[in-house]
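Going by the numbering used here, the first residue of the sequence shown is number 516, and it counts up by one from there.
We treat Cβ as the ideally placed atom computed from N, Cα and C, and that holds for glycine.
Keep in mind that this is a model prediction, so the values were computed, not measured.
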Amino acid sequence: MPIYLRPCHSQARLTHFFGAIPSSFFQQASNLTSFNVSNNTFTGYVPSSICLHSSPSLRLLDFSSNVFNGNLAPGLGKCSKLQVFHASHNNLSGLLPEDIYNATKLEEISLPCNSLHGAISDRIANLTNLAILDLYFNHFGGELPPNLGKLSKLKLVTLDFNNLEGSLPPSLMNCTNLVELRLGSNNLEGDISILDFSRLNQLTKLDLRNNNFTGTVSVSLYSCRGMLFDDDMVDFDGFQNLRFFGLGYCGLTCQIPVWLSKLKNIEILLMEIALPLNSLHGAISDRIANLTNLAILDLYFNQLNGELPHNLGKLSKLKLVTLDFNNLEGSLPQSLINCTNLVELHLLNNNLEGDISMLDFSRLSQLTKLDLRMNKFTGTVPVSLYSCRSLKAIGLSRNHLEGQIQAEIISLKSLSFLCLGNNRFTNLTGAMKILMSCKSLHVLMLDGAFKGEGMPSDDDMVDFDGFQNLRLLSLFNSDLTGQMPVWLSKLKNLEILRLDFNQITGPIPSWLGTLPRLFHIYLSENQFSGEFPKQLCRLPRLVYEPNIASQLDDTSYAFELPIFSSNNFSIFAKQTILQQKMSSVPAMIRLSNNNISGYIPAEIGQLHLLRLLFLDSNTFSGVIPDQISNLKNLEILDLSMNHLSGIIPSSLASLNFLKEFNVSYNNLEGSIPTGTQLQSFEASAFEGNPKLCGAPLPNKCGPNKDMDVYNKNNKDVENVIPWFYIFAASGFIVGFWGSLWFFSY
């Protein structure tokens, strides 16, 4: 007598049952064989009384996808005929009840996506009929049971995303019916080279990513005759059903296992190789062409070298190739163009070369992302690329390309990300006129690509109506001349603006403060003059007003290709490449190394969400505004090498997130606020102020030092005020004048 408490139709979501299941429900259910309440909204505890009343005949229990919480109560062991127990996607916690190991008929245990913890008992070996052990996304710890291999009927083991530790038990190799083994994202360790995987000839998916294993890939998966990863082993015939091979994030050091290309099934089944973030070396063998069903080749962040296999084009089912951050050399093989199912090609940061304009990309009609940045390619942007109408992202920066941007690029209606920086292109104005017609463009990075030209002026951009969806514009390190054109004020979706390391002159325009989404402004190393515009202190994205923030904030937006936070790619943390979201870019105003003068406006304290503020190496004068202490999210404050005077406001000590602080080489005086975070910075942050005293500087302060400076500051203010009114009464005769964080693309 099966009982189903499920919606009548799988899409009838409003008919879900809810509330707790009363224990009395099972008292008259002695003939119950199957109890399935999955995909409802039941709450409370998983009822423990069910096996007390239904044990003679109950074979299936399914509590999946509800809101059950608390511990799994003892009692399951009394269900002597129970074969299937599912309770995934709940809020269960605590340990697995010990008596579950008495239910010796169990074939399936599925409890993923809960908060269960503790070790998996070696009593699990009692469950000799177990075929599925599915416990991923919990908090299980301890070592895997050494007698796990007694479960000879195991087909599926999914224990990824737990806290398991220790080594893989050698007995696991006795589970010869194993089809999938997923142990990724744990704390497992040990030399997997010593394990004999060769008996697992039913294995289709192996995932050991993100652990601490050592050894070599070849030894760990092939020790049939003790000849480990040997080219002489041409008769190797293990893993004939392998479809997925993943050992990413493991720190493995070896060459790519040759046996992967020696599988001899009539229909090769291997579809995915995922070995990123290891230390694999050597060349990719041309035998890879034997893997005719391969769809994913994921080997980024290794030490692979040599040329790409010339016969790579035989892999006609390839969809994703990620070989970023290796040492590959030579040219792109012509046969690559035969991979007509290719969706993404990532070859960032290698030593590849050759004239890419000679390649005919037009056959790659499915291509959405092409990343060839940081190589040695020559030629021009291939015109054939413009036939790839599915392209969303093109990355060609840091090569040796030249020529001009062709109007045919407009045909790429889906193009969202274009990165051409650090090449040798010409005619920036012409390029901008063309690119503004790419209506889907979100990211445009032309840094260092058009050296020594002029900023496209308002006269050049007559009838400008483009870039309406642009979020990031980068033209840094280009030695561009001229002033900031007004047409930039029409970029209402702009969030990041980089114009640093140019020769731009004139004042910083006040209209910058009207751009509703702008939060990252990088204008350093130019020749800007005039004062800090007060309008910039009203940037909507940086002024904390909940009604505005809710409309503008979009932390989920991700770049089509990654952006990095350093110019030195060789020292990257491996996680950096995975950071592609707009939310990883800090809110910043950087105006370093210009000719900006006048006071720092007190209104700057309105930019509550600002994280980085660089005003160093200008000619600012006056005092440090006390209102800077309102910038509670500030992490870096650099006011060095200006003409600032007065004291360091003690209120700056309230900036609890401040990691870098520099006021060196000004005219500051008085004592550094004592007993505050400011005194934890190096003395170099304060040097060059002869009248400044107190720790961490060596010169001590005399009595009443701060009071003298405070009175002097007030006297200066009193002397200024009368003159203000004199000038005002005269009809306003005198008017009021209006550290490195690089993003390398």
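Query raised in the report: Apart from the five residues just before and just after Gln818, which ones in its own chain have a Cβ nearer than 7 Å to its Cβ?
Result: On the sequence shown, residue 818 is found 303 positions in, with the first residue counted as 1. Sequence-distant partners of Gln818 (beyond 5 residues in either direction) whose C-beta falls short of 7 Å from its own C-beta, in its chain, are Ser794, Leu795, His796, Asn841, Asn842.
**Report entry** First and last residue of the uninterrupted alpha helix (DSSP H) at Ala946
**Finding:** As a working mapping, residue 946 is identified with position 431 in the sequence shown. Note, Ala946: alpha helix (DSSP H), 943-950.
Query - Boundaries of the beta strand (DSSP E) in which Ile811 is found, first to last residue - result: Along the sequence shown, one-based indexing puts residue 811 at 296. Here the beta strand (DSSP E) through Ile811 covers 811-813.
Requested in this report: Throw me the rounded Cβ distance for the Lys670 and Ala640 pair, which I believe falls under 8 Å.
Outcome: As a working note, residue 670 is residue 155 in the sequence shown. As a working note, residue 640 is residue 125 in the sequence shown. Rounded, the Cβ-Cβ distance is 17 Å, inconsistent with contact.
Query raised in the report: For Phe979, does the three-state DSSP call read helix, strand or coil?
Result: If you number the sequence shown from 1, residue 979 lands on position 464. Correct three-state label for Phe979: coil.
Requested in this report: Mind checking which residues open and close the beta strand (DSSP E) that includes Leu956?
Outcome: Within the sequence shown, the letter at position 441 stands for residue 956. It is not in any beta strand (DSSP E) - Leu956 carries neither H nor E in the DSSP assignment.
Query raised in the report: Quick one: Cα of Arg1053 to Cα of Phe1176, how far?
Result: In the sequence shown, the residue the question calls residue 1053 occupies position 538. In the sequence shown, the residue the question calls residue 1176 occupies position 661. The alpha-carbon separation between Arg1053 and Phe1176 amounts to approximately 24 Å.
Query raised in the report: If we ignore side chains and look at the alpha-carbon of each, how far apart do Arg574 and Asn546 end up?
Result: What you label residue 574 is simply residue 59 of the sequence shown in a count that begins at 1. What you label residue 546 is simply residue 31 of the sequence shown in a count that begins at 1. A straight line joining the alpha-carbon of Arg574 with that of Asn546 spans about 11 Å.
Query raised in the report: Using DSSP with H/G/I as helix, E/B as strand and the rest coil, what is Pro1022?
Result: On the sequence shown, position 507 is the one that residue 1022 refers to. Annotated three-state conformation of Pro1022 is strand, per DSSP.
Query raised in the report: Near Ser579, which residues of its chain fall below 8 Å by C-beta distance, leaving aside the five closest residues on each side in sequence?
Result: Position 64 of the sequence shown, counting from 1, holds the residue named residue 579. Closer than 8 Å at Cβ, skipping near neighbours: Ser553, Asn554, His601, Ala602, Ser603, His604, Asn605, Ser625.
Query raised in the report: Where does Asp978 land, buried or exposed, given buried means 16+ other C-beta within 10 angstroms?
Result: Start at 1 with the first residue of the sequence shown, and residue 978 comes out as number 463. With fewer than 16 other CB atoms across the displayed protein chains lying within 10 angstroms of its CB, Asp978 is exposed.
Query raised in the report: Is Ile707 helix, strand or coil when you go by DSSP?
Result: Taking the sequence shown and counting its residues from 1, the one referred to as residue 707 is at position 192. Here Ile707 carries a helix assignment [DSSP, helix/strand/coil].
Query raised in the report: If you compare alpha carbons, which of Asn551, Gly845, Ala964, Asp973 is closest to Asp994?
Result: Taking the first residue of the sequence shown as position 1, residue 994 is located at position 479. The residue with the shortest Cα to Cα distance from Asp994 is Ala964.
Query - Same chain only: Cβ atoms within 6 Å of Pro848, ignoring 5 sequence neighbours per side - result: On the sequence shown, position 333 is the one that residue 848 refers to. Setting aside the 5 residues that flank it on each side, Pro848 is surrounded in the same chain by Leu823, His825, Leu827, each with a C-beta closer than 6 Å to its C-beta; the list follows chain order.
Query - CA nearest to the CA of Asp973, picked from Met960, Gln998, Asn1017 - result: By 1-based counting over the sequence shown, the position of residue 973 is 458. Comparing Cα-Cα distances from Asp973 to each of Met960, Gln998, Asn1017, the minimum goes to Gln998.
Query - Lys891 and Asn864 closer than 9 Å at C-beta - result: Against the sequence shown, residue 891 aligns to sequence position 376. Against the sequence shown, residue 864 aligns to sequence position 349. For Lys891 and Asn864, no; Cβs fall outside 9 Å.
Report task. Could you say if the stretch 688-703 and the stretch 661-669 meet the contact criterion of at least three C-beta pairs nearer than 8 Å? Result -> Contact between the stretch 688-703 and the stretch 661-669 is present, because at least three Cβ pairs lie under 8 Å.
Query raised in the report: With C-beta atoms as the reference, is Ser1160 less than 9 Å away from Asn1133?
Result: Residue 1160 sits at position 645 when you count from the first residue of the sequence shown. Residue 1133 sits at position 618 when you count from the first residue of the sequence shown. No. Outside cutoff.
Query raised in the report: Quick one: what's Leu1152 bridged to in DSSP?
Result: For the purposes of this step, residue 1152 is taken as residue 637 along the sequence shown, with counting starting at 1. Its beta-bridge partners are Leu1128, Phe1176.
Query raised in the report: Can you give the Cα-Cα distance for Leu1006 and Asn992, rounded to whole angstroms?
Result: For this step, residue 1006 is matched to residue 491 along the sequence shown. For this step, residue 992 is matched to residue 477 along the sequence shown. Their backbone Cα atoms lie some 21 Å apart in a straight line.
Query raised in the report: Under a three-way DSSP split, which group does Ala1073 fall into?
Result: On the sequence shown, residue 1073 is found 558 positions in, with the first residue counted as 1. The answer is strand: DSSP assigns Ala1073 an E or B state.
Query raised in the report: Can you tell me the Cα-Cα spacing of Leu916 and Val898, whole angstroms?
Result: The residue labelled residue 916 in the question sits at position 401 within the sequence shown. The residue labelled residue 898 in the question sits at position 383 within the sequence shown. For Leu916 and Val898, the distance between alpha carbons rounds to 13 Å.
**Report entry** Residues near Thr729 in its chain [Cβ-Cβ closer than 6 Å; skip 5 each side]
**Finding:** Taking the first residue of the sequence shown as position 1, residue 729 is located at position 214. Excluding residues up to 5 positions away in sequence, Asp706 lie with their Cβ nearer than 6 Å to the Cβ of Thr729 in the same chain.
Query raised in the report: Is the beta carbon of Gln924 sitting closer than 9 Å to the one on Val958?
Result: For the purposes of this step, residue 924 is taken as the residue at position 409 of the sequence shown. For the purposes of this step, residue 958 is taken as the residue at position 443 of the sequence shown. Checking the displayed sequence, the identity of residue 924 turns out to be Ile instead of Gln. At the C-beta level, Ile924 and Val958 stay beyond 9 Å of one another.
Query raised in the report: Can you pull the DSSP bridge partners for Gly1137?
Result: Stepping through the sequence shown from its first residue, residue 1137 is reached at position 622. For Gly1137, the beta-bridge partners assigned by DSSP are Leu1159.
Query raised in the report: Applying the criterion that 16 or more other CB atoms from any shown protein chain within 10 Å of the CB defines a buried residue, is Val1001 buried or exposed?
Result: Stepping through the sequence shown from its first residue, residue 1001 is reached at position 486. Exposed.
Query raised in the report: Out of curiosity, what's the CA-to-CA distance linking Ala1117 and Ser1136?
Result: Walking along the sequence shown from the start, residue 1117 turns up at place 602. Walking along the sequence shown from the start, residue 1136 turns up at place 621. One C-alpha to the other measures close to 13 Å.
Query - Other residues of its chain near Thr1191: CB distance less than 6 Å, five sequence neighbours each side excluded - result: Indexing the sequence shown from 1 puts residue 1191 at position 676. Counting only Cβ-Cβ distances below 6 Å, and skipping sequence neighbours, we find Ala1168.
Query raised in the report: Where does Leu1154 land, buried or exposed, given buried means 16+ other C-beta within 10 angstroms?
Result: Working through the sequence shown from its first residue, we reach residue 1154 at position 639. Counting the other Cβ atoms within 10 Å of the Cβ of Leu1154 gives 16 or more, which makes it buried.
Query raised in the report: Of all the options Ser1166, Phe1129, Ile1162, which has the alpha carbon lying nearest to the alpha carbon of Glu1150?
Result: Sequence index remark: in the sequence shown, residue 1150 carries index 635 (1-based). Checking every option, the nearest Cα to that of Glu1150 belongs to Phe1129.
Query raised in the report: Around the Cβ of Lys928, are there at least 16 other Cβ atoms within 10 angstroms (buried) or fewer (exposed)?
Result: Taking the first residue of the sequence shown as position 1, residue 928 is located at position 413. Residue environment: Lys928 is assigned as exposed (fewer than 16 neighbouring CB atoms within 10 Å of its CB, all protein chains considered).
Requested in this report: Indicate whether Ser846 and Leu862 have their beta-carbon atoms separated by less than 9 Å.
Outcome: In the sequence shown, counting from the first residue as 1, residue 846 sits at position 331. In the sequence shown, counting from the first residue as 1, residue 862 sits at position 347. No; because the gap between Cβ atoms is not below 9 Å, this pair is not in contact.
Query raised in the report: How long is the line joining the alpha carbons of Leu610 and Pro589, rounded to whole angstroms?
Result: Indexing the sequence shown from 1 puts residue 610 at position 95. Indexing the sequence shown from 1 puts residue 589 at position 74. One C-alpha to the other measures close to 10 Å.
**Report entry** Leu683 and Leu715 closer than 9 Å at C-beta
**Finding:** Along the sequence shown, read from residue 1 onward, the residue named residue 683 stands at position 168. Along the sequence shown, read from residue 1 onward, the residue named residue 715 stands at position 200. No; because the gap between Cβ atoms is not below 9 Å, this pair is not in contact.
Query - Host beta strand (DSSP E) of Ala789 (start-end) - result: Working through the sequence shown from its first residue, we reach residue 789 at position 274. In the DSSP assignment, Ala789 falls within the unbroken beta strand (DSSP E) covering 787-789.
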